[in-house]
Amino acid sequence: MAATSAAAMAIPLLINLLRGAYDLASVTTTHAKLLKLGAASSVASSNHLLVAYCRCGSIALAHHVFDGMLDRNVVSWTALMSGYASAGQPSAVFALLRTMARSGVPPNAFTFSTAASACALLANAGLGRQVHARAEVSGDARDNFVATALVGMYGKACRVGDARAVFDAMPATARSAVSWGSMLSVYAQNALGHDAIQLFTEFRTNGQDMAPNHFMLSSVVNACAGVGRLSIGKCVHGMILRLGHEDNDVIAVALLDMYSKCGCYEYSKMVFDRIKQPSVIPYTSIIVATAKYGLGRTALSLFSEMVDRGVQPISVTLIGVLHACSHSGLVDAGLQLLRSMRSKYSVAPCASHYTCAVDMLGRAGRLEAAFELANEARVEGNDDLMLWSSLLSACRNHKRLDLATMAGEKVSEFSTAMAWEKVSELSQEVAGALVVMSNTYDSAGQADEAAAVRSDMRRRGIRKVPGCSWIEIKDVAYTFYVGEVSPAGERAGEVMLLLDELECKMREKGYKGRLGSDRVFDGYEEDGDERGKGVMVGVHSEMLALGFGLLVIPKGMGIIRVMKNLRMCYDCHEAFKLISAIVEREFVVRDLNRFHHFRMGSCSCNDYW
DNA sequence: ATAGGGTTAG
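Counting from 934, one number per residue, gives the positions in the first sequence under my numbering.
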């Protein structure tokens, strides 16, 4: 009798121990004690055990407990599913869902949100839709957790519209900070930075005075980075400081990345230097930043500092270092790294590393070596395309029609099997390569061949996304397309006059390029005629954005920052250098993959890009 | 007792 009552008193204590257990040893010890007391088999204790095993990452033992249960309720099923989802085995979740349905235990909101997040892990919108439909039927879709999980699920499956529809269907009062954050990250992760920033503004006005949490803040910073909105980014940085989130490492990395993508390497470095024990991710991020600024030596010293501190590099880190070597002409250091990365850092070189190295040799004009390496790489599938198209660009820049033709043929093999009806990263890569091919023929004096490539592109409906450039003025982004001055509004006329005037002064300084009209088909921007009668025919978007910036940003306001969605064009690069000397101002251009800082007639890239 | 967000790449 006495023993039994002692046991009855011990059980709640043991359950409490399970609740706080994060290591396997204490869970198994407690499990043994419960068994001795004969108290391990009730649904409640079994569920506690199951959850505790999952928490310690021991999904096998959790499943063992589950198998031994005579009775299982919805908690047992859901807890095990959740265990599998966090163990990165989403498929097991669906197997359990099916057996659960057969066993007659109805799912609840917990089950649906777990199932939705498993679909998110798989990025499978088809399965996700089924889960969504069943939750609608049961009424659980109205649950805030379920709706939030569905938003995230559609987002991970790239169904941004569906995600927004779920978000919009939630009653405004039901939206938690997590719901807002989830929607925000859907935009940020799907490269819709402008929408993310817009939603953040909405949150601040309609969010019922909820304070943004660190998840939300890192997503907004990420969005600012993506679209280069420095002033908003700085403003969010201010909020981060006020709310005391500056020591959060994820936030720090987001800020670091934002400053680096907005043309402020020094700020990036300051944020990095405040991180106490930088892991591989901050190191990788700062190394990638140095690469964009052509600071190859700095990249190498950061890399060795990292290794000396015992931080193990990962694949992306090495891509960053190679990229830095490439942009700084540190060819031998880069090649050495490529050759030794497997043995020294246990990272096997993949297609991206080879592409970087081929690009590096190509830039340096070592085209034969680049070809050899490309052939040696033997990478497969679509990664191959990047390799050859980067080589093709290098051949064009070094005016090697013979080698360009060989690389061009490799690229063409892809273009035949391509689905052109939808714009993808891949189709853009091929389209870009064909444009380069056409121009290579042109500059080699083979106008007919060049025209053939272009008419072939037209016939097959292959087109590049239009190039555009934007500039942020007082928190508003103004986007320009080739030949269209209209975003400048009532100052359009002044922009045109200013550019004319600058062109005259540039001619006096020996500028041979073309600002507009009969410029060559450079492929980076389409002809302006189909976007309405461009008032400045052929003038590139970066030039229009610069002209507008020169007019509206007074000289004392410092650097003019222009963003472009594609690579900066060679003629514009020359022109920007001259203009920086003529007007005695500094410009930073953020291109598709790096920065150019123009000052006193020259560029930070030293024309090596 | 079971559930929902965030960072590095070309």
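Just so it is clear, CB atoms sit at the ideal spot from N, CA and C, and this is done for glycine as well.
Original post:
Between the beta-carbon of residue 1042 and the beta-carbon of residue 1100, is there less than 8 Å?
Top reply: Position 109 of the first sequence, counting from 1, holds the residue named residue 1042. Position 167 of the first sequence, counting from 1, holds the residue named residue 1100. Contact flag unset, no.
Subject >> Local conformation of residue 1522 per DSSP, three classes >> reply: For the purposes of this step, residue 1522 is taken as residue 589 along the first sequence, with counting starting at 1. Annotated three-state conformation of residue 1522 is strand, per DSSP.
Original post:
Unbroken alpha helix (DSSP H) runs of length 4 or more, entirely within the segment 1171 to 1211: which are they?
Top reply: 1182 to 1194, 1198 to 1207, all fully within the segment 1171 to 1211.
Original post:
So what's residue 1403 in DSSP terms, helix, strand or just coil?
Top reply: Indexing the first sequence from 1 puts residue 1403 at position 470. Strand.
**OP:** Would you be able to state if there are at least three C-beta pairs under 8 Å between the segment 1409 to 1425 and the segment 1502 to 1519?
**Re:** Contact between the segment 1502 to 1519 and the segment 1409 to 1425 is absent, because fewer than three Cβ pairs lie under 8 Å.
**OP:** Report the residue from 1440, 1044, 1036 whose alpha carbon sits nearest the alpha carbon of residue 1013.
**Re:** What you label residue 1013 is simply residue 80 of the first sequence in a count that begins at 1. Looking from the CA of residue 1013, the closest CA among 1440, 1044, 1036 belongs to 1044.
Subject >> Backbone secondary structure at residue 1411 - three-state DSSP >> reply: By 1-based counting over the first sequence, the position of residue 1411 is 478. Three-state DSSP puts residue 1411 in a strand.
Original post:
If you run the structure through DSSP and keep just helix, strand and coil, what is residue 949?
Top reply: Counting from one through the first sequence, the residue named residue 949 turns up at place 16. Reduced to three states, the DSSP call for residue 949 is helix.
**OP:** Identify every residue that forms a DSSP beta bridge with residue 1536.
**Re:** By 1-based counting over the first sequence, the position of residue 1536 is 603. DSSP, once it has assigned bridges, lists 1531 as partnering residue 1536.
Original post:
In its own chain, which residues sit with a C-beta less than 7 Å from the C-beta of residue 1535, not counting the 5 before and 5 after it?
Top reply: Position 602 of the first sequence holds residue 1535. Taking C-beta separations shorter than 7 Å and ignoring five residues to either side along the sequence, the partners of residue 1535 in its chain run 1510, following chain order.
Original post:
So residue 1494 is in the beta strand (DSSP E); what residue range does that whole segment cover?
Top reply: The residue you call residue 1494 lines up with position 561 of the first sequence. Looking at the DSSP string, the run of the beta strand (DSSP E) that includes residue 1494 is 1493 to 1497.
Subject >> Meets three-Cβ-pair contact criterion under 8 Å: the segment 1280 to 1294 and the segment 1253 to 1261 >> reply: Touching, per the Cβ criterion.
**OP:** Give the straight-line distance between the Cα atoms of residue 1247 and residue 969, rounded to the nearest whole angstrom.
**Re:** Locating residue 1247 in the first sequence gives position 314, where the first residue counts as 1. Locating residue 969 in the first sequence gives position 36, where the first residue counts as 1. In this model, residue 1247 and residue 969 are separated by some 47 Å (Cα to Cα).
**OP:** Kindly list the residues whose CB is nearer than 6 Å to the CB of residue 1482, restricted to its own chain and excluding five residues on each side of it in sequence; keep chain order.
**Re:** The residue labelled residue 1482 in the question sits at position 549 within the first sequence. Result list for residue 1482: 1404, 1493, in chain order.
**OP:** Assuming residue 1084 and residue 1050 form a contact by the criterion Cβ under 8 Å, report the distance between their Cβ atoms to the nearest whole angstrom.
**Re:** In the first sequence, residue 1084 corresponds to position 151, counting from 1. In the first sequence, residue 1050 corresponds to position 117, counting from 1. Between the beta-carbon of residue 1084 and that of residue 1050 there is about 11 Å, and that puts the pair past the 8 Å contact cut.
Subject >> Reduced DSSP category for residue 1010 - H, G, I as helix; E, B as strand; rest coil >> reply: Looking up residue 1010 in the first sequence gives position 77. The answer is helix: DSSP assigns residue 1010 an H, G or I state.
Original post:
Which of the three DSSP states, helix, strand or coil, is assigned to residue 1542?
Top reply: Here residue 1542 refers to the residue found at position 609 when the first sequence is read from its first residue. In the structure shown, residue 1542 falls within a coil segment according to DSSP collapsed to helix, strand and coil.
Original post:
Applying the criterion that 16 or more other CB atoms from any shown protein chain within 10 Å of the CB defines a buried residue, is residue 1124 buried or exposed?
Top reply: As a first step, residue 1124 is located in the first sequence; it is residue number 191 there, counting from the start. Flag for residue 1124 reads exposed.
Original post:
Counting along the chain, where does the alpha helix (DSSP H) carrying residue 1282 start and finish?
Top reply: Taking the first sequence and counting its residues from 1, the one referred to as residue 1282 is at position 349. No alpha helix (DSSP H) holds residue 1282; DSSP gives it neither H nor E.
**OP:** Compare the C-alpha of residue 1181 against each of 1167, 1205, 1158 and name the closest.
**Re:** Taking the first residue of the first sequence as 1, we reach residue 1181 at position 248. Checking every option, the nearest Cα to that of residue 1181 belongs to 1205.
**OP:** Check whether the segment 1216 to 1234 touches the segment 1187 to 1203, counting contact only when three or more Cβ pairs, one atom from each stretch, lie closer than 8 Å.
**Re:** They touch, by the three-pair rule.
**OP:** Please name the residue, chosen from 941, 942, 963, that lies closest to residue 950 on a Cα-to-Cα basis.
**Re:** Walking along the first sequence from the start, residue 950 turns up at place 17. If we check each option's Cα against that of residue 950, 963 comes out closest.
Subject >> With 16 other Cβ atoms within 10 Å as the buried cut-off, status of residue 1260 >> reply: Residue 1260 sits at position 327 when you count from the first residue of the first sequence. Its Cβ being crowded by 16 or more others within 10 Å, residue 1260 is buried.
Original post:
Are the Cβ atoms of residue 989 and residue 955 separated by less than 8 Å?
Top reply: On the first sequence, residue 989 is found 56 positions in, with the first residue counted as 1. On the first sequence, residue 955 is found 22 positions in, with the first residue counted as 1. Less than 8 Å separates the beta-carbon of residue 989 from that of residue 955.
Subject >> Close Cβ partners of residue 1025 (< 7 Å) along its chain, the five nearest in sequence each way excluded >> reply: In the first sequence, residue 1025 corresponds to position 92, counting from 1. Within the same chain, residue 1025 has close Cβ partners 1017.
Subject >> Sequence-distant residues of the same chain with beta carbon closer than 6 Å to residue 1466, five excluded per side >> reply: Here residue 1466 refers to the residue found at position 533 when the first sequence is read from its first residue. Bear in mind that a pLDDT of 39 at residue 1466, under 50, signals an unreliable position, so the number given afterwards is only what the model happens to contain. Cβ neighbours of residue 1466 beyond the five flanking positions: none.
Original post:
Going by C-alpha distance, which of 1167, 1267, 1262 is nearest residue 1236?
Top reply: Taking the first sequence and counting its residues from 1, the one referred to as residue 1236 is at position 303. Comparing Cα positions, the closest option is 1267.
Subject >> Nearest-angstrom Cα separation, counted from residue 1142 out to residue 1128 >> reply: Position 195 of the first sequence, counted from the start, is the residue given in the question as residue 1128. Position 209 of the first sequence, counted from the start, is the residue given in the question as residue 1142. Residue 1128 and residue 1142: Cα-Cα distance of roughly 21 Å.
Subject >> Spatial neighbours of residue 897 in its chain, beta-carbon cut-off 6 Å, leaving aside the 5 residues before and after >> reply: Residue 897 is absent from the structure shown; the chain starts at 934 and stops at 1542.
Subject >> residue 1002 versus residue 1076: straight-line alpha-carbon distance, rounded >> reply: For the purposes of this step, residue 1002 is taken as residue 69 along the first sequence, with counting starting at 1. For the purposes of this step, residue 1076 is taken as residue 143 along the first sequence, with counting starting at 1. Going by the C-alpha atoms only, they are around 29 Å apart.
Subject >> For residue 997, three-class secondary structure by DSSP >> reply: Walking along the first sequence from the start, residue 997 turns up at place 64. DSSP places residue 997 in helix when its eight states are reduced to three.
Subject >> Contact set for residue 1505: own chain, Cβ-Cβ below 7 Å, skip 5 residues either direction >> reply: Taking the first sequence and counting its residues from 1, one reaches residue 1505 at position 572. For residue 1505, where only same-chain residues beyond five positions count, the Cβ hits under 7 Å are 1473, 1475, 1476.
Subject >> Identity of the residue in 1512, 995, 1394 nearest residue 1441 by Cα >> reply: Here residue 1441 refers to the residue found at position 508 of the first sequence. When the alpha-carbon of residue 1441 is set against those of 1512, 995, 1394, the nearest one is in 1512.
Subject >> Status (buried if at least 16 other CB within 10 Å, exposed otherwise) for residue 1060 >> reply: One-based indexing of the first sequence puts residue 1060 at position 127. Under this definition residue 1060 is a buried residue.
**OP:** Output the boundary residues of the alpha helix (DSSP H) element that contains residue 1076.
**Re:** Along the first sequence, read from residue 1 onward, the residue named residue 1076 stands at position 143. Segment: none, residue 1076 is in no alpha helix (DSSP H) and carries neither H nor E.
**OP:** Output the distance between the C-alpha atoms of residue 1172 and residue 1118, rounded to the nearest integer angstrom.
**Re:** Translated into positions along the first sequence, residue 1172 becomes position 239. Translated into positions along the first sequence, residue 1118 becomes position 185. Using only the alpha carbons, I get a separation of about 18 Å.
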